[in-house]
Amino acid sequence: MHIKSDDEGPSVLEDPVAHLWRGTVALRVVTFLFALGNAVIQSSGYARPWLAWVVVGVMAAWSVFTIQAYSRESGRLPWIVVADLVVACGLMATSVLIMTPMQLLANVPLITTIWACGPAVAAGALAGRYAGAAAGGLIGLSTYLIRGAMTIDLVRDVVLLAGAGFVVGMASSTARRSAVRLAQALRTEAATAERERLARSIHDGVLQVLARVRKRGLELGGEAAELAELAGEQEVALRSLVAASPVESTVDGDADLRPALQLLATQKVQVSTPGTQVMLPAVVALELTSVVREMLSNVDKHAGVDAKAWVLLEDLGEEVVLSIRDDGPGIPEGRIDSAEAEGRMGIAKSIRGRVALLGGTLELQTGPGEGTEWEVRVFRVGGVR
Amino acid sequence: MTVSVMVVDDHPLWRDGVARDLAERGFEVVATAADAGSAMRIARAVRPDVVLMDLNLGELSGVDATAMITGELPGTRVLVLSASGEHDDVLQAVKAGASGYLVKSASAEELVDAVNRTAVGDAVFTAGLAGLVLGEYRRMAATPDEEDRPQLTERETEVLRLVAKGLTARQIATRLVISHRTVENHVQSTLRKLQLHNRVELARYAIEHGLDAEPEAQT
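For the protein sequence lines, the chains are A and B, in the order given. When you line the first sequence up against UniProt numbering, it's residues 1 to 385, in that order. When you line the second sequence up against UniProt numbering, it's residues 1 to 219, in that order.
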């Protein structure tokens with residue numbers, strides 16, 4: 001049995017949250033530029049400008065390192081994210097040395113500015129919403145410790161940081177769950193295909209035996225012939241089942257007309273269809289199938305027990321044509337009226353009505369000794385749609 | 001002249017049964033084979049008039065064997081006998097060069113008749129195959145990028161539709177007021193065009209993909 005293993009298939013080739021990591025990397029770059037700009041503007045007022053530039057340099061180096069790590073699947077590791085958090089909080093703490101107490105109290109941005117939010121997003125992408133919220137909360141707490149006072153601005157920052165980590169974490173969990181489901185679906189699909197293949201070869205063997213029993217039994221005659229008949233019936237039933245591949249319907253409610261028709265085949269009814277799908281709105285396909293079934297039961301009732309019937313399905317693009325022919329005695333000319341009176345044509349009327357409702361046309365060809373032939377045409381454009 | 005027949009089927013019950021039926025009715029069963037590989041090898045050696053080919057043969061399918069036999073052995077014709085009548089396979093086999101198709105449940109008389117007709121070069125069409133071939137022509141007509149696609153004449157379409165509706169060649173001849181022979185010719189021509197197109201397509205595919213070197217004998 002061949003089933004796709006975990007490391008195969010498009011869904012599992014890439015980390016399902018790779019897009020979140022790309023976002024984290026982009027955020028790193030943008031926030032670093034922001035921090036750099038902030039340092040340039042504020043440096044003249046700093047207590048220790050030289051330390052500011054050292055810290056900005058460390059931030060640049062750390063950004064390069066984490067960007068490289070987060071860009072590869074092998075680099076998205078818990079210890080790197082934890083280190084990221086420690087480095088961000090540590091660099092943030094140097095603000096106490098860089099900035100004047102006045103600046104700290106006056107809410108001048110810390111040296112790391114929004115660059116410090118990176119680890120919260122990374123933690124969310126790595127380990128889900130709670131990790132994201134916790135990392136965001138920790139960064140917020142460091143801010144509070146550094147400023148030394150709780151202000152409304154600070155609370156806002158904490159909420160934003162924890163919230164961002166939480167939301168990214170939720171997105172990450174959802175993406176991972178979908179990836180797992182997709183992989184499961186792919187495995188199920190492969191298993192189903194394999195089971196179908198096995199079923200086909202078993203069916204083929206059974207069909208062979210049934211066909212042989214029928215053939216040989218008929219030749220032997222007597223009781224064997226009765227058994228042959230039974231085998232023959234089962235053979236046709238199984239063959240139509242095999243031919244009627246699973247009914248596929250599309251999202252917009254179209255269905256293949258062939259499988260339903262093929263199930264109508266019996267020893268006396270031959271169903272011929274194209275090799276490719278004949279798609280029609282599902283309701284139309286259902287109605288056409290029931291029209292054909294009614295015609296065939298009409299053949300059974302009126303054309304004699306030995307009569308055979310043929311169903312032909314053709315797809316002309318703009319229209320779909322169904323022909324149903326039997327080789328019974330047919331209806332002699334001039335008798336159609338009386339037949340209609342007898343109720344024999346009553347069924348024809350009902351069929352005509354149903355076909356008209358589908359926006360199709362119905363034609364009847366018959367004559368003594370020629371059997372009866374119906375032709376149903378249903379238009380695809382401007383018809384039932 | 002006795003018609004020589006080879007039976008290819010992976011199911012021993014069926015293979016031997018058919019071989020016996022045919023031998024009883026005066027055919028010379030020159031060989032049997034259980035898989036596509038040996039079918040191709042043996043057919044090359046014995047060159048039978050008719051090969052009865054099952055399609056469900058395991059790894060190499062009956063379609064491949066049909067393509068090789070009809071391609072390499074001009075005097076040998078292939079008649080497909082299939083239990084399940086799986087559509088795609090039957091159509092592929094006919095495009096690959098088979099002269100017709102019969103369901104395995106066909107009676108011994110139908111089989112004998114079909115083998116005789118195959119031996120003289122006639123096409124053996126069931127209603128089901130006619131429906132498939134009609135569908136294939138219409139599929140090609142609706143596929144704009146299929147180059148030089150073959151088309152059916154009006155008469156050929158008419159004849160194929162009647163075959164698909166279960167009329168015999170004689171009934172068709174009467175209905176269309178043409179000779180029985182003309183009906184046979186129309187039916188054959190629908191197959192030949194399909195097979196020729198298939199060969200042209202294969203050759204073009206081979207050239208486009210650099211496979212146009214002398215084909216190696218497959219075994």
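Every residue, glycine too, gets a C-beta built ideally from N, C-alpha and C.
query	result
Near residue 196 of chain A, what residues of its chain come up, given a Cβ to Cβ distance below 6 Å and the 5 sequence neighbours on each side ignored?	none
Around the Cβ of residue 95 of chain B, are there at least 16 other Cβ atoms within 10 angstroms (buried) or fewer (exposed)?	buried
Apart from the five residues on each side of it in sequence, which residues of its chain come closer than 6 Å, Cβ to Cβ, to residue 167 of chain B?	none
So, is residue 86 of chain A buried or exposed, given that buried needs 16 or more other C-beta atoms within 10 angstroms?	exposed
My guess is that residue 300 of chain A and residue 371 of chain A are in contact by the Cβ rule of under 8 Å, so how many angstroms apart are they, rounded?	Rounded, the Cβ-Cβ distance is 14 Å, inconsistent with contact.
Determine the extent of the alpha helix (DSSP H) in which residue 195 of chain B is found, giving its start and end residues.	180-208
Since residue 136 of chain B meets chain A, which of its residues come closer than 9 Å, beta carbon to beta carbon?	274, 275, 276
Is the beta carbon of residue 149 of chain B closer than 8 Å to that of residue 186 of chain B?	no
Measuring only between beta-carbons, confirm whether residue 108 of chain B sits less than 8 Å from chain A.	yes
List the residues that DSSP assigns as beta-bridge partners of residue 365 of chain A.	A:373
What does the Cβ neighbour count give for residue 91 of chain B, buried or exposed, with the cut at 16 atoms within 10 Å?	buried
Have a look at the DSSP bridge pairing and note the partners of residue 102 of chain B.	B:81
Which one of A:279, A:312, A:241, A:306 has the shortest CA to CA distance from residue 318 of chain A?	A:279
Round the Cβ separation of residue 7 of chain B and residue 18 of chain B to the nearest angstrom and send it over; I've been treating them as touching at under 8 Å.	5 Å
Please return the same chain residues whose Cβ sits closer than 8 Å to the Cβ of residue 51 of chain A, not counting the five positions on each side in sequence.	94, 97, 98
Rounded to a whole number of angstroms, what is the C-alpha to C-alpha distance between residue 256 of chain A and residue 135 of chain B?	14 Å
Can you find a C-beta in chain A that's less than 8 Å from the C-beta of residue 104 of chain B?	yes
In this structure, does DSSP put residue 256 of chain A in helix, strand or coil?	strand
Tell me whether residue 102 of chain A is buried or exposed, calling it buried when 16 or more other Cβ atoms sit within 10 Å of its Cβ.	exposed
Using a Cβ distance threshold of 8 Å, determine whether the stretch 166-174 of chain A contacts the stretch 204-215 of chain A, with at least three qualifying pairs required.	no
Expressed to the nearest angstrom, what Euclidean distance is found between the alpha-carbon atoms of residue 25 of chain B and residue 112 of chain B?	8 Å
So, at 6 Å on beta carbons, what are the nonlocal neighbours of residue 100 of chain A in its own chain, with the 5 sequence-adjacent residues on each side left out?	47
Quick one: which unbroken alpha helix (DSSP H) runs of 4-plus residues sit fully inside the stretch 81-132 of chain A? Chain order, please.	95-98, 101-105, 118-127
At which residues does the alpha helix (DSSP H) containing residue 49 of chain A begin and terminate?	49-71
What residues match up with residue 323 of chain A in a beta bridge as DSSP calls it?	A:312, A:375
Provide the residue span of the beta strand (DSSP E) that contains residue 4 of chain B, from first to last.	4-8
Please determine if the stretch 35-43 of chain B and the stretch 52-63 of chain B are in contact, where contact requires at least 3 C-beta pairs separated by less than 8 Å.	yes
Across which residues does DSSP place residue 53 of chain B in a beta bridge pair?	B:8, B:80
Report the three-state DSSP secondary structure of residue 396 of chain A (helix, strand or coil).	Any question about residue 396 of chain A goes unanswered here, given that chain A covers just 1 to 385.
With distances taken between CB atoms, is the gap from residue 118 of chain B to residue 77 of chain B smaller than 8 Å?	yes
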